Structures are given as C-alpha cells and as structure tokens.
Amino acid sequence: MELSAAPKKHTWRRDWKMNKWLYFLAIPIFLYFLIFHYLPMFGLVISFQDFKPQRGVLGSEWVGFKNFADFFGGPNFWTILRNTLVISGLGMAVSFPLTIIYALMLNEIRCTWFKKTVQTIHYMPYFISMVVVCGLIIEFCSTNGMITNLLVNVFGIRRENLLQNPDYFWAINLISDIWKGLGYGAIFFVSAITSVGQELYEAAAIDGAGRLRRAWHITLPGITPAIVTMLVLNCGMILQVGSDKILLLYNASIYETADVISTHVQRMGIEKMQYGYASAVGLFNSVVGTILLLTSNCISRKLTDTGVI
Amino acid sequence: MKKLLSLVLAVMLVLSAMPALADDMPADDLTKHRSMTAFLAVDDYRYFGTKDQSPVMQYLMEKYNFSIEFQHPVTNGETEAFNNMLGSGFYTDLMEITYSTQTPANLYEDGVIIDLAPYIETYMPNYYAYLNDPANIKVKQAMYDDQGHCFTITTEAGDGTPYVGWGGMVYRRDILETMTGGNVAFPSGNDEPITVADWEYMLELMKQYFTASGLPDTACLMLPWQGYFPTGELVAGFGCSGGWQVKDGVVSYGTTTPEFYNYLVKMHEWYEKGYIYQDFASRVNDLFFQPNPALVYGGSAGVFFGGNWQLAGKMSIPEYGLNMDVRAASAPVDEANGQTTAFPTLALYAASGVTSTAGAWCVSTSCSKENMIRFMTWADFLFTDEGAMMKKHGFTGELAAADPLYVELGLEKGTYWFDENGEFQVDPKTTDGSLEMTGLNGNRLPGRNINKYEYERTEQVWLDANAVWTRYGDAGDFPVSAVGTAKEEAELADYYATFNDYQNSMVVKFIMGTEELTPESYAAYVEQMNKFGVEESIKIKQAIYDRFMAR
Amino acid sequence: MIEKNNPSRILFNILNYGFMAAFAIVCIAPLWHVLMASLSNPRMLIMNTGLLWKPAGEITFKGYELVFRNGNILGGYGNTLLYVAWHAVVGTFFTLIAGYLVSRKDFKLQIPLLLFIMFTMMFNGGLIPTYQVQRAIGLINNKWAMMIPGMIGAFYVVMIKSAFEQLSPSYEESAKLDGAGPLTILFRILTPLIMPSLAVVIMFSVVMQWNSWYPASVYLPMSREDWPLQLFMREVLVQNNTAKIISGADAAAKADLTSNLVKYCVSIVGTLPILCAYPFAQKYFVKGVTLGGVKG
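Chains as they are written, first to last, in my numbering: chain A, 1 to 309; chain B, 1001 to 1551; chain C, 2001 to 2296.
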C-alpha cells in the first residue's frame, strides 16, 4: 500500500515538499483538538487532589493517591469491576455479533419497500426516551408483569419480581440493550455492506455460490475492516458502561450484579460531591481503556492485518 | 513637649479614625443607580424567562433604583452550575446557596462569601428586629454560627403560624368499612389504627378484600424502595427514627438501634404474609412518598404515604366505581416489645418551620460594598409587613392595577385583597391551579413569610390529618440547624455514602428474606455498619449536638 | 441477479421475513404506547399498567397544551435545527478532512496525528477545566458555544479513515495521471466514493446533536434564547414533576396526574421530527453508490 513515490529516505523536508497542502489542512484540526481537548486536560491533576471548586486546581489540597486508594480499597471494588466487565463483555460477545448478523440478514431481503420499512421501524426504539423504556421494563418484569407471566407460564420459573432477583439482571439488561440498539447499531454495517463491490457478487453467482457462501466469502470479508474498527474501539470503552440505563433499572436488592463503575461513582458522587474521586476513577478507566485498545489493535493487526492504528 | 506630641498624635488618631468609621457604615444613597448580578434557581418560568421580569422584582428595582442580572441554572443542573461558577472564579454579586455542596462556613473560609453580621443591624433593621425577637430564636440559631458570623439572609423566615404538614401515612378506611359491614373494631379500642395489633387487623382485612376483588396487582402496604421511610413514618412506632436521632441527649443512628431490629422482624413477617407490596424494592424511581401511583390511584393500595390532597374522598372517581375514603394514620406502636408510645420523629415535610440555611442568599466577595448595601436595603423591605405580604401573596390594589402582567392575567384587583369586613380574600384563579402564584409573588426572594392567612383558610380535614401525623412530636430528631464545621461535614458525608449504600442493600434483603434475619445476622449488620463509619459519625454528630445545645 | 428458488432458500426467506416483521412489531409497540399515552386522560393513564393500544379514557390534547405553553419550544426547534445543520455540514467537513489526513500512508504526520486525535477519545479533563477554557475564550452563553466545541468527533474521524483506507489506491493514481490537483482528488473523486460512510457519520452526528442537552445546560445557562429543544423539553419534564411537590399540596395533586402525561408528550414532541428524517438518509444505506468515471 505504501506509495512508491519515496525511493529515497522519506525525510521531513521531502514530506513537506510533497504534502505541503496536507500540512495546511492539518493546522485547524490540530488547533481544534489542542484547545478543546488538550488544554482542559490539566484538570486530570485533580485526581490527586481533594478538589474544591472554589479553591481551583492550584489551590486545592494535594492528597496523593488517596482517591485511587479509596476506589480500589472500597468494599465493593471487585464486585463492580466484575459487573462492569461482564456487562460490557456480554455486549461484545452477544449484541455485537447479532448486529452484524442482523445487517447480513437485512441485506438478503430483496423486496425494497419491505426492507426500507422494517429498517425504519427497527431503528425507532433507539429514540424512545430511556425513562419511558425503563419504566416499561420495570412494569413488565414486576411480579405480575407481562414478561414475568410469560416466563412463569412457558418456562415454569418461580413467580417473583425479576428485577429483585440478582440472577436475572444481566439477561434483562442485555436483551433490552439489543432491542433498543439493534436497528440503530446496524446502520454502520448496513452501509459498509453497500460498499462491497457488486461485481464480486455477480461473479460468485455465476460460479453458483449460494447465499450463505456469498455472505461468508464475500460480504463478511468485505466488511471486516468496519467490524475490526468497531471491535477495537469497543475494547477501549470496556470499562465505560453507560450509567443512565442501569441507574433507572437497578435497585438496592441487586447491587451485587447490577452495580457498575459508572453507577457506583454516580451514587457516591451524590453524597460526597467529590470531584477528585470521580476524576480518579475516570483516569483509571482511561488508562485501562487505552491499554486494551492498543492491545486489541495489535492482536487484530496480527490476525486480520487490519486495525485502527 | 512629649505630652503635647502625644496629644497631637492622639487627636490625629481620633480624627483619622472618625471618617474611617463613617466610611465603614456609609448611608445608602438611593439616588445612585446600582446594578448587580445574582445566581438564583427559580421554578416560575411560566410568565417570564428571568427573575428580573417578575412583577415583584420590577417593583423592587424601581423603588430602590437598582437592576439585577440574574443567572438561572438549568433545572436539575443547579449544583453543577453552582460549582462551575465557583470553579471559574467569576462569582455573581449575590448567590442563593440552596444548591451549594459546601456549607456557608466553608464558602466563607475559602473566600467566596462575606460575613454579614457587622452590617445587619445598620442596614437591615427589620431583619435585625426579626432575628432578635425571642419567638424567632430558632431562625437566629440557624443563621448565626458558633463564632457569631452570619453569612446568609433567609428566604424561609416564618411568622410563628403553625405549619400544616402535607403528607404522612394514610389508609383506606372504606375497605375496612366494607369488610366489617361498618363495624370497624380495632383491637386497641380506638377508632383509628394506633398499635401494631391495630395495623395487623387492618392489613388482614385489606388482604382479604384485595384477594376477593380479583385485581391483578395490589398492595396492602406500600413501602418505599429502601424498605423503611427515612423520614421515620413507620419505624417510629418501633422506637427509633429513620436517621440521626437524639435520646436523652445521646445521639444515635436510628437504623442500627435494637429497636430497628424489631421493625425488620415485623416487616419480614408482613412481607411473608403478603401484606407488603411485593415489588417495592424495584420502584426506585418512584418518589418515596408516592410509591407506584398506578396502584394508589387505581384503588389497589391499602396503606401508603399520602398527601393531604388525597384525603377523604378526593381520590374517588364514582363513574369508574372508585370510592375511596382516605384517612391519616400515625405510626404503629409496637406494644408487644414494650413500646408505649412512638419515637418523636417528624419528616422534613411535617416538621414545623424548617430553619436551615437552605434557601438563603449570600453576598460574594466580588460584590462591591455599595451593591451589598443596596441589596441589604431592598431585602430588608421584604421583612416589613408590606414587603412580606408582597413576597407571600403578591400585589393588591393600585399596584396590581398598574402591573401589565397582572392586568393581562385578569388580576386588576390583585391576587388578594381584604373585603369590607376586613376578611382576607384571594382571587380564585390563584387556588384552582389556573395561575401559578410562584410567578406572581416574591417566591425565592429573601424576606419574611406571612403564613397566617393561608393557615386560616386551611381545610379542617387537613388540620385533622396534620394532628394525627404530628401526634408524637419531633423532640427526638437531630436539630436541622445543628451543622458542623466544614471538615466535620465532609467527614460525615464520606462515611454516610459508604454505610448508607450498604444499609440500603441489606435492609431490603432482610425484609424480603433473601438475607436471613436473626439476632446474630443483625448484630453482624450493625458491626459492619459501625466499621463503615456509623460509630465515628455518631461521635462527630454528638460533638456538633453538644456545641449546638451550649449556644 | 436472478435467484433460484430451491426449498432451503424459500425456508430461509420465510424465516428472514418473518423475523424482520416480528421484530418490527416488538419495536413499534412501545412507540405506539407512547403516542397513545400522550393522548390519554391523565387520571386513567396513571392507573394503567402495561401497553396501551388506544388512549386511556377519552382522547385529550391537554398534555400537548402543557408542553407548548412553554413559549420557547418553537425557538428551541429553530436552534436545534441550526446546531444540527452546522454539525452536519461544517462538522462533517472537518471530520472528513481529519479522516483523510490520518488515512494517508505517505504522510509523515499520519500516525502522530491519529494518536493525537485518538488520545482524546480516552482521556478528558473533566467538566470544570473544560468550562474554564471555554469561558476564557468566550464560548459561554452564545450560539458558538454549541457550534465550535464538539465539531470533530474522534470516533467519526476513525470511521472516515477506515472508509478511505478501503478504497483502492488506483482511483487516486488514475486521477493524478489525469492531472487533478490534490483537493480535486479529495472532494471530487474520493469523497463521493465513501458517501455511504459519510452518510453514516452525518446521520450519527445529526442524531447526537438532536438529542444533546447536556452541553447546553452547562455552557448556556444564561442565554435561554439559544437553548436547543431538548433542554426545554427537560425543563418541562422536570418542572411538571418533583419541584412542585415540595412547594404545596394543590400543585402536587396536579403534578401527580399530569407529570406522567407530560413525560409522554415530551417524548413525542422531541423525537417525532428526527424519526421522520431517517427515511431520507436511508437511500444511501440501501442502494449503495455506483459511480461513473472510475477507472480500474
């Protein structure tokens, strides 16, 4: 892929000459990230402070690693770390492949109006407000709710409030996530599939390849870069399970499976109003996320020869 | 020579000190226009976007020749907005500090706000008189700290009128009447549930009623998601409060007391019997005082936390066959365990005349002295009778007729007036909900509240219910005004976050039976709570309490 | 393409169409519930449990009246449209350039710039320092505070980058042989080729801007005239809810009944327009793009 225009050593001077206009284009991009992302990063030092807004970053008391110690030494640290990993792991192991399979299945539908209609409908749940969705889930999973009735009658489980039993939370969270995000999440892959060259399909069809084989041998390899990109980025976000949905769904009786890092910080934050603590946990998430992102990128480079970086 | 020199020096000293004294307390020159800025959370956007457009504020600005540019934080983002303001260092001249996460003392130490104590007597004679009226000793205690600083001017100053609480436990009397054919016979012999035995009698009747009714989802007793009311409604009957409490001068934490064990045992028993709403723990996002409104309003709940707007037949809808008779109930006294009366604890919502520094205005260090004086001058007006009426009830007479908003809303006569007999009258539009009073009066401004006219108009049902809810008084509650130093409060918050979290998960499990409840397991729970900081917190709270009582 | 209809294909089609239709029902039912709830009698609505197929009680528009009584809503729509359009056009333009820069393997700054951008995905300075920076450069309480920050998303840059990398280098080389300048190559030749990915980026950023309220709540506290729709929606929601309950019994009684209704009306008013936008973007995802003038 390397352009062969660099027979000699690719020096900066040479690069400047060759890509002068690229440098000009890079200036606004560089400035944007510098000002809006890198300047505020001095704020990361409050992870090591007992930060008080009115004293500012310079005036607040330095506490060393106390905030980190509070987090790692907290009574529930291992529980919330496990829950976070399980919940985002399930997302990657189940929701993510499902989204791709869904996009492939959608691609197999030839009837255009049907395809357009269902696709439009499938992406709608993404837009229903979280409060409303979670309200309905709580209603349906209550002792006499719709979903509970179904499970009791079909699978014969014990009648109880599903959200008051820690064993069910991961499943409830996963299924509702899939329902809410499948259509929207698939947009990226659906669009990637359209970029796969039609001529490849035609050639395969002439060779007599069935649908499954075409999907496996042409479509999937065609969208591998898109899949890898998403997967690697998701690895970087593994500790950042969003709090808004879980905050609305969970309750004190199922903290042991439902409490994740972000909800924990949120709950502690309401009482403690500790910016330093929240910042320290955020910094921990970022560092772990960066390591995971680089590692997964490395692995994918080795395996598929594609990666983000 | 020496004598002369010292004399001259002394004269010079006195001379130089005199103008300084005069400078210190200059009179307010009302001919000079002042403009200031203020941080204020408001909830009356119906008629205007910023508070300076409110009729009362416009009146004040004209009368005292000043203007205010208000910064209104976004609803639900108040705390963040306040902290952003502190963090950026650009303070407004005036700040309303309800949403501050720091105590006023803390803000003062860090140089955000100033001490108003030296100025109050000079510039706010009416406020000064109010604070020094022996009847208002509680307000004074709340406004001044141990060192005699006064950082705030309150918006919540009452007038001694009894406070009518708006909520407490209620029960559906109609169910009991139906089930007994009109002969309700509580075991204690009273005509209302007083003891645990009374409650069990009541809950059993309700359970039979709901079982026979065939309703899909019912609740004889609605508990909040914590498993107990932190405001003390049920636990009081068992002899403790839902939080910090004082018994004979000794501070303790209600939910780690031996009495709380008795409460848990009883609740577990009731849960097993099907008296308690089985989904209570999952209803986190319902307000604790209105758990699952669908059941309450649909007639499928027997005992729940209700408001006085639901009392008597207010919730009935005859056309749907819903006839509910809702009555107030006091805490069930646990006679079996030797309780003869309930613990004297009252919710924030039923306590009389809450006086803390919540809802108070401060002056920041970026405010000029002239602006501070002008602020104190106009705020003091709201402590006079005239100003206080305006703050509470809005405009009347000429003022109303001259105000464009009042005219537009058809309030030429004002929101209130006194008729020929001297009786207080209000425009019916202000009470039937078609107008929003908070936009028309001086809501959230500093000043005195005249509550007596409102009290005179209170329905008898509300007064009766209030008497039931406040039956045992509030003598056992930790005083709201007893606030510790910044360091103490921070430490307390730190401990609280941890042990409260643990407590929430344990209490619910004890009640549902997923965690076995025995004296041993309860002792283990208490021990863990102490390890998470209850013991340390009690020590701190005790110190704060002792200092407060010594004032 | 002509397909042969053997039994397994027919079975697959039945299953596939069947699943898609069934899932569509599961997806649309809650939305229908929200719409019906927003037209319900508040008293009946509060007593309802489970999904609604028709409005509870007689149809009423009371909830919508309450929502639109907040006179700012039309202005909110206007601001939201402005922010959405700005980010869809200007934001995407810079994202495109950034994505192109970090996809050029012959550019010495490629990897440093990519790392520089991706680092911001993982680390951020937190609320107060960001606020201080924006305050210092004057991006507080004006429309620019919503338009300049958040213009380029690191995530989207990576998406665009991977789209460029998927293109065959032959496009660029042949254009170069035709004597096209670098900017012509980028905008005339390459950009149309990554249109599906670009459409996804635009779609995502439009949706994100449409739903965004948090930055506005932090950076526009004093200029209500610049608020986006969702911030007004939140205000309506919150103010019909808890705030009133503390302030007095009369208001509380009403809040009890209407807050539930308003919640649904706000949902409809806030999302219906964006739901209608998708079918327009859809043509890029369904059809695919075939372009003339491509050699190789």
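Where a beta carbon is used, it is the ideal one built from N, C-alpha and C, also for glycine.
The structure presented is a predicted model; accordingly, all values stated were derived computationally and were not measured.
Check the Cα spacing between L1176/B and each of A1301/B, L1445/B, V1246/B and Y1525/B: the tightest is with A1301/B. Around the beta-carbon of I254/A, 16 or more other beta-carbon atoms lie within 10 Å, marking it buried. For P2055/C, not one C-beta of chain A is nearer than 8 Å to its own C-beta.
The beta carbon of V1534/B is closer than 7 Å to those of Y1253, T1256 and F1499 in its chain, skipping five residues each way along the sequence. The three-state secondary structure of D70/A, taken from DSSP, is helix.
Assignment of Y1277/B by DSSP, reduced to helix, strand and coil, places it in the coil class.
For a cut-off of 8 Å, the C-beta gap from E61/A to D70/A is around 15 Å, too long to register as a contact. Rounded to the nearest whole angstrom, the C-alpha separation of G2018/C and M2195/C is 31 Å. Around the C-beta of A1342/B, 16 or more other C-beta atoms lie within 10 Å, and the residue is accordingly described as buried. Using a Cβ distance threshold of 8 Å, K1392/B and N1449/B count as a contacting pair.
Contacts between H122/A and chain C, judged by CB atoms closer than 7 Å, involve F2023, A2024 and C2027 in chain order.
Here C1240/B has G1254, T1257, E1259, F1260 and F1343 as same chain residues with Cβ atoms under 7 Å from its own Cβ, once five neighbours each way along the sequence are excluded. A Cβ-Cβ distance of about 6 Å is found for the pair A1041/B and T1098/B, placing them in contact under the 8 Å criterion.
Residue contact with chain C for E1080/B: present (Cβ-Cβ distance below 8 Å to some residue of chain C).
A1301/B is bridged by DSSP to A1219/B. Taking the Cα of G1359/B as reference, the smallest distance to any Cα among K1369/B, T1218/B and T1152/B is reached at T1152/B. Contact annotation for Y255/A against chain B: D1501, N1504 and S1505 [CB-CB distance below 9 Å, chain order]. Leaving aside the five residues that flank I2059/C on each side, the residues in its chain whose CB is nearer than 6 Å to its CB run, in chain order, L2039. Between the segment 271-287 of chain A and the segment 101-114 of chain A, the count of C-beta pairs closer than 8 Å stays below three; the two stretches do not touch. Taking 8 Å as the cut-off, the Cβ atoms of M92/A and N234/A count as close.
Under the 8 Å criterion on CB atoms, D15/A is classed as interfacial with respect to chain C. Within the same chain, Cβ atoms closer than 7 Å to the Cβ of E1488/B are found at I1540 and I1544, the five residues on either side in sequence being excluded. When secondary structure is reduced to three states using DSSP, S2038/C falls in the helix class. T1345/B and D1477/B do touch by the CB rule: their CB atoms are close to 5 Å apart, below 8 Å.
A straight-line Cα-Cα distance of about 14 Å links A1219/B and M1267/B.
Here the alpha carbons of V2067/C and V132/A stand approximately 17 Å from one another. Closest by C-alpha distance to D1286/B, out of T257/A, L249/A and R267/A, is L249/A. DSSP assignment within the segment 1035-1105 of chain B yields the following whole alpha helix (DSSP H) runs of 4 residues or more, N-terminal first: 1055-1063 and 1078-1088. Taking 8 Å as the threshold, the shortest C-beta distance from V1074/B to chain C falls below it. For E2235/C, no Cβ of chain A is located within less than 8 Å of the residue's own Cβ. For the segment 2108-2131 of chain C, the set of residues with a beta-carbon nearer than 9 Å to any beta-carbon of chain B comprises L2127, I2128, P2129 and Y2131, in chain order. Leaving aside the five residues that flank V2266/C on each side, the residues in its chain whose CB is nearer than 7 Å to its CB run, in chain order, V2067, M2233, V2236 and L2237. Nearest CB-CB separation between T143/A and chain B: below the 8 Å threshold. Proximity of L81/A to chain B, defined by a Cβ-Cβ separation below 8 Å, is not satisfied.
Its chain contains V2218 as the residues whose beta carbon lies nearer than 8 Å to that of L2127/C, once the 5 sequence neighbours on both sides are disregarded; these appear in chain order.
Around I2046/C, the beta-carbon contacts reaching into chain B at under 7 Å are P1293, A1294 and Y1297.
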